[in-house]
Amino acid sequence: MSLDSQWEPKIVGFCCNWCSYAGADLAGLNRLSYSPTVRIVRVPCSGRVNPAFIIRAFQRGADAVLVSGCHPGDCHYVSGNYHARRRFLVFKRLLEYVGFEGERLQVRWISGSEGAKFAQTVDELDRKIKALGPNKKMRQEPPGFSGVKDHEG
Amino acid sequence: MRETARQLLREREVGLVIGYAAGSEAYWVTPAFIKEEAQADRLVWNPFCVNSLAKYLINYHHEPYKVAVVVKGCDSRALVRLLQDNQVQREKVVVIGIPCLGVVDAKAAALKIAPGTRILGASVTDGEFLLQTESGTLSLPRGEALCAKCRYCENPTPVLADTLLAEEVAAEPAANIYAEVREVESWPREKRSAFWDGHFQRCLRCYACRNICPACTCRECVFDQTDPCWVAKAHNLSENTAFHLIRAMHVAGRCVDCGECERACPVNIPLRLLNQKVIKDIKELFGVSTPGSRLDEMPALGMFATEDPDEFN
Amino acid sequence: MDNPLKPYPATIVKITDETPDVKTFQIVFDDPGVWDHFRHKPGQVAQISVFGVGEATISITSSPTRKGLLEFSVKRVGLLTGALHQLEAGSKVGIRGPLGNHFPYEEMKGSDLLFIGGGIGLAPLRALIDFVLDGENRSHYGQVEIIYGARSAADLCFKDDLFNRWPHMPGTKVYLTIDRPEEGWNGHVGFVPSYLEEISPSPRNRFAITCGPPVMIKFVLSALQKLGFPDERIITTLEMKMKCGVGKCGRCNIGSKFVCVDGPVFYLSQLKELPPEF
Amino acid sequence: MSVRDFLLTREGLHSWLSRLARDYPLIAPVEEEKGVITFKQVGGPQEIVFDCAPSTLPPKEWFLPSTEELFAFSTAGGGITLQEPPGPKERVLFGLHPCDVRALLALDPVFGGTYPDPYYLGRRKATIIVALSCTKPGPYCFCPAVGGDPVVAAGADLLLTESGSSFAVKAMTSRGEEIIQRYPGHFAPDEEGRGERARQELAGQLAGMFAFLPDLRGVKEFLDGHFELPYWEEVASRCLGCGICTYTCPTCHCFDIFDQSWDGARGLRARCWDSCMFSQFTRMAGGHNPRPTQKERVRNRFLHKLKYHQDRYGLGGCVGCGRCVAKCPVNIDIRRIIGDLKELASHG
């Protein structure tokens, strides 16, 4: 399908303000090029990332979600990322259990000095998602005229 | 049980006893809220007492009096969770524990017991549930009639009780509790996806699973909020899936595996299979027990250990 | 209305700040032909749509004698009213209606009228006040008295009407009160029901029409009964959560009655027949 | 006078249903999941569950979908454009039991009346209803107690009644007659009144088969005079406040209206089922709630079934299908409620 050939992945990156967002910044400052398919949402902490955010991203057309925070032990709020670690170990398994490709949710610890790691993580994810193709699970179409259909199909 | 309830009410130790009363069919019971000694005769205990009554305690936390509640082993885990969350104050509840040999799945029983039948008495043996009815004794083979959640029981005896109404029942040696979860895990991704899609698309969003759940105690539920609106009111596969995933994560580490959500579901969505997946994973990952088994073990996702497994480097 | 759930496209032409949390929206239909079907009567309500957010039931505060426009005074309390407050003149909205019953203005002819309002509750009364004061209608009605109160002077709605217009109309009196004393306020201080008892209007040949917060309505109704007003001459208009506005969605029932189609205007004699679920 | 009674063999029924499924969207009860029977579009008779008594969910979904688009909107170009979805195609709904047909008759005045609802009425008009007499009542059925009859389906276009190895077919409307004429060769005229005899015989057999028929006499009159009853507190103390009873009820019609839009510029307005059992149902934006506790909500539901609907439309609000009885997780059983109210009434 012609649409498919034009398809570019959409990746939503939830980056913690204190480490990973700074890491992304550093990647930019160092003129490291990384895939433009990632859209970054700055969050105060990886611990702030509610599974509902990730679900909403998939519903609205994300092909992958990257959650990125400070390395364990380095959390600006002491333990936010430790909580996030437990939460996402469970949530990722749950997503796979109901039929998501596990690769579509990536969690990575990236510090403010790891610009290269940020660029590399995004590129790697972009490659994986290009191989997987668009996400269809839970995806919604924008409600509007195109959405009008007879209930009985 | 009736005598215990009478005594508690007579001596004014409690203002209310929450137990079971006979239901409108032989295989159903209905929660009973007994405030007067004379009403205690309405209480019953039989193999159809499947409902978990612990959550009703929340409705009475403003009352000046103590409340007594009848709990089975699985229900006692729910009570522990409510105590841990300070939803219920320990000094305001009297726990009437009933060691339990397993309860009957009403859906299975309904196929065997004619409507309108009255149960006069019941007993449980290793192999069957024996029911005395007006027209003789009826046997329900354990293999067919036992509730799915009782096929392996971690706590036949309540983990917490002020009075036990029977001899303690020893837990069976650990079996492969999560065999069904492992079965689903072993399927190819497409099959898992189709399986859950098939179930979730059927969801009516009646919220019975949430309302009956002892882990769901929020004053304002995220699913009732309109701003922000994390799950739209529309009933469709995407929103229904969002509902079930968010719910599974909200009760992760707090779900006590009482199976009430699955029992309440009017369209037979295997919700226990979803929640058990999370329980199995948190047990394996963080070495915790089934939530509610121990009063001193707080919910797994509310705490952490620096040495937790890490897959995110 | 071939589809009672489909709104008419309309445009906000003017927005007036009444109080810190009440704005009045002047709205006209995009298709002037709609006025041929949309003939409202004082006391009726309409559903205002903010597309993408939803709908809310709002009483029409302009009198049908003011042709070619509709006015709605809206207090910011929730999602939809919040969104409405964000809009500017020129914004597009939808209007569905007119819905519900109306004040019995025919039956009131020849009588004195006593209006008792609190806060945003003056909005539905205003449609009837202007209706009886406008043009030749005025000759059909006797004395018009308006008792109105709000939490503070700033919370009084329709200040222009209250201070500059209505008091100067023939046979019209306006009594204002605020809940607590404040600097610069020389008028009456106290709650509406007690002010009503102070003024003590005669029930003779007079209709009392009241609207306000539920607790105010409750005390006003009992004050009116104490003053000797018969139940058939005490009229109130009720607010309930509504969605469809046409008697189908099932949430605004009080007993067997739906506020959206059988109300919102009720005589006290009717309210007394209904269960106390409002 | 045209013949209105026909006979159809079992094979004839199957071949007719196959033809119907080719010519129309054919909607019939299917076992969607073990133990869950719902009305779905089918490809042929092999998918249909013929002896469900009654289905897990009522067929109301086909008239009042659980989520339904009312219109799409777009604010592109400065104005507002509203576009309504196309009306449904003509379709055949097969296998409704008489209680379900009666439930539609109870819904009709709600969606008709002064403000006719084009969505519901459009679906109603587009639907040919082929009802099926009950051959045995379900365990919680009590339609005779609320004025129903398991072999009478006024409101259907055709009524089929199983009789031995064949089916008696009664055309109840001209639309029913037309559909019979459209499939010549399937239906044999029933000139000897065999169908009528079959229905009477079945009615006689069924009469004694209902396990529990509550006695409604005097209950409405009692409720007319007694709004405030401590009894409702007892019922409410058990109630979970979920929507099972209302969502499985064939006559519950409450809905919510909401908008869906990602950018505010284009989107949908839709409605979806809502339930008077939910605490948010009547809660207003300012926080006031006229039915603040489960007691008021439970009372509202039962009064709606036993009084309000009758007051407003002159029709019973409960058709005795027993679905809420079957599914309530805490065994709040309307048959018992009626019995309890009856007893309260007799004690003054």
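Residue numbers (this note's numbering), protein chains in the order written: chain Y, 1 to 153; chain F, 1 to 313; chain L, 1 to 278; chain S, 1 to 348. Heads up, the beta-carbon is just placed ideally off N, CA and C, and yes, glycines get one too.
Partners in chain S for residue i, counting only beta-carbon separations shorter than 7 Å
i: R81/F; result: Result: empty, since nearest Cβ-Cβ is about 18 Å, beyond 7 Å.
i: K72/F; result: Chain S residues near K72/F: none, gap ~16 Å exceeds 7 Å.
Assigned exposure category for residue i - 16 Cβ within 10 Å defines buried
i: C218/F; result: exposed
i: R127/Y; result: exposed
i: F163/L; result: exposed
i: K272/L; result: exposed
i: R222/L; result: Note on residue identity: the sequence assigns Ser, not Arg, to residue 222/L. Its Cβ having fewer than 16 others within 10 Å, S222/L is exposed.
i: E201/S; result: exposed
i: E239/F; result: buried
i: E379/S; result: Only positions 1 to 348 of chain S appear in the structure, and residue 379/S is not among them; the question remains open.
7 Å Cβ cut-off: residues of chain F touching residue i
i: S237/S; result: F33
i: C272/S; result: K233, A234, H235
i: T67/S; result: A234, H235, N236
Neighbouring residues, chain S, relative to residue i (Cβ below 9 Å)
i: D2/L; result: P116, P118
i: V131/F; result: What sits at residue 131/F in the sequence shown is Leu, not Val. The premise fails here: L131/F is roughly 17 Å from chain S at the closest Cβ pair, so nothing lies under 9 Å.
Residue i: contacting residues in chain Y (beta-carbon distance under 7 Å)
i: I282/F; result: V90
i: V288/F; result: Correct list: empty, because the minimum Cβ distance to chain Y is about 10 Å.
Proximal residues to residue i (C-beta, below 7 Å), its chain only, five neighbours per side dropped
i: C221/F; result: R210
i: K149/Y; result: Only weak support is given to the placement of K149/Y: the predicted model assigns it a pLDDT of 47, under 50, and the question is left unresolved by the model.
i: L121/S; result: F111, G112
i: C328/S; result: I244, C245
i: R238/S; result: V330, I332
i: C265/F; result: A208, C209, L271
i: P9/Y; result: T37, D63, A64, D126, I129, K130
i: D297/F; result: In the sequence as presented, Asp is not what sits at residue 297/F; that position holds Glu. If we look at E297/F and ignore the five residues flanking it on each side, its Cβ neighbours are V288, S289.
i: P218/S; result: Going by the sequence as given, residue 218/S is Gly instead of Pro. Same-chain partners within the cutoff: K342, A345.
Under 8 Å by beta carbon: chain Y residues contacting residue i
i: K277/F; result: R93, L94, Y97
i: L306/S; result: Here the premise fails: no neighbours, minimum Cβ distance about 32 Å.
Own chain, CB closer than 6 Å to residue i, minus 5 neighbours either side, in chain order
i: S59/L; result: V45, A123, P124
i: L132/S; result: G95, L160
i: L316/F; result: Given that chain F is displayed from residue 1 to residue 313, the structure contains no residue 316/F and the question cannot be resolved.
Neighbouring residues, chain L, relative to residue i (Cβ below 7 Å)
i: F71/S; result: K6
Cβ-based neighbour list, residue i, same chain, cut-off 8 Å, excluding 5 preceding and 5 following
i: W7/Y; result: G133, P134
i: S2/Y; result: Low confidence applies to S2/Y: its pLDDT is 47, below 50, so where it sits in the model is not reliable, and the reading given next is rough at best. Excluding positions up to five away in sequence, the list is empty.
i: E221/S; result: A345
Neighbouring residues, chain F, relative to residue i (Cβ below 8 Å)
i: P44/Y; result: Here the premise fails: no neighbours, minimum Cβ distance about 17 Å.
Using a Cβ cut-off of 7 Å, which residues of the region 247 to 262 of chain S contact any Cβ in chain F, in chain order?
-> Y247, T248, D256, F258, Q260
Listed from N- to C-terminal order along the chain, which residues in the region 248 to 270 of chain F have their beta-carbon within a distance smaller than 8 Å of any beta-carbon of chain S?
-> E260, R263, A264, P266, V267, N268
Decide if the region 157 to 165 of chain F is in contact with the region 132 to 143 of chain F; the criterion is three or more beta carbon pairs, one per stretch, under 8 Å apart.
-> no
Is it a yes or a no for the region 15 to 35 of chain S touching the region 45 to 62 of chain S, going by three-plus beta-carbon pairs under 8 Å?
-> yes
Could you list the residues in the region 26 to 48 of chain S with a C-beta less than 9 Å from some C-beta on chain F, going in chain order?
-> E32, E33, K34, G35, V36, T38
For the region 245 to 256 of chain L, which residues have a beta carbon sitting closer than 9 Å to at least one beta carbon of chain S?
-> G245, V246, G247, K248, C249, G250, R251, C252, N253, I254, G255, S256
Decide if the region 234 to 251 of chain S is in contact with the region 91 to 111 of chain S; the criterion is three or more beta carbon pairs, one per stretch, under 8 Å apart.
-> yes
Does the pairing of the region 50 to 69 of chain S with the region 269 to 281 of chain S give three or more beta-carbon distances under 8 Å?
-> yes
Using a Cβ-Cβ cut-off of less than 9 Å, list which residues of the region 74 to 92 of chain S approach chain Y; keep chain order.
-> S74, T81, Q83, E84, P85, P86, G87, P88, K89, R91
For the region 113 to 143 of chain Y, which residues have a CB atom closer than 7 Å to at least one CB atom of chain S, in sequence order?
-> P142, P143
Okay, do the region 239 to 250 of chain F and the region 90 to 109 of chain F touch, 3+ Cβ pairs below 8 Å being the bar?
-> no
Taking three-plus beta-carbon pairs below 8 Å as touching, is the region 68 to 77 of chain F in contact with the region 289 to 302 of chain F?
-> yes
Listed from N- to C-terminal order along the chain, which residues in the region 205 to 234 of chain S have their beta-carbon within a distance smaller than 8 Å of any beta-carbon of chain F?
-> A211, F212, E234
Quick check: the region 14 to 33 of chain L against the region 100 to 118 of chain Y, are there 3 or more CB pairs under 8 Å?
-> no
Three or more C-beta pairs closer than 8 Å, one from the region 289 to 300 of chain S and one from the region 76 to 90 of chain S: is that the case here?
-> no
Give the residues from the region 288 to 301 of chain S that approach chain L closer than 7 Å (Cβ to any Cβ), ordered along the chain.
-> H288, P290, R291, E296
Is it a yes or a no for the region 110 to 117 of chain L touching the region 204 to 223 of chain L, going by three-plus beta-carbon pairs under 8 Å?
-> yes
In the region 201 to 217 of chain F, which residues sit with their C-beta less than 9 Å from some C-beta in chain S, listed in chain order?
-> R202, L204, R205, C206, Y207, A208, C209, R210, N211, I212
Taking only beta carbons into account, state which residues of the region 213 to 245 of chain L come closer than 8 Å to chain S, listed in chain order.
-> P214, E239, M240, K241, K243, C244
Would the region 103 to 118 of chain F and the region 80 to 88 of chain F be scored as touching if the rule is three or more Cβ pairs under 8 Å?
-> no
Assess, as a yes-or-no matter, whether the region 173 to 187 of chain L is touched by the region 145 to 159 of chain L under the definition of 3 or more beta carbon pairs within less than 8 Å.
-> yes
Could you please tell me which residues of the region 23 to 47 of chain F, in chain order, have their CB closer than 9 Å to any CB of chain S?
-> G23, S24, E25, W28, V29, T30, P31, A32, F33
Specify whether the region 144 to 156 of chain F and the region 55 to 75 of chain F touch according to this definition: at least 3 beta carbon pairs, one from each stretch, less than 8 Å apart.
-> yes
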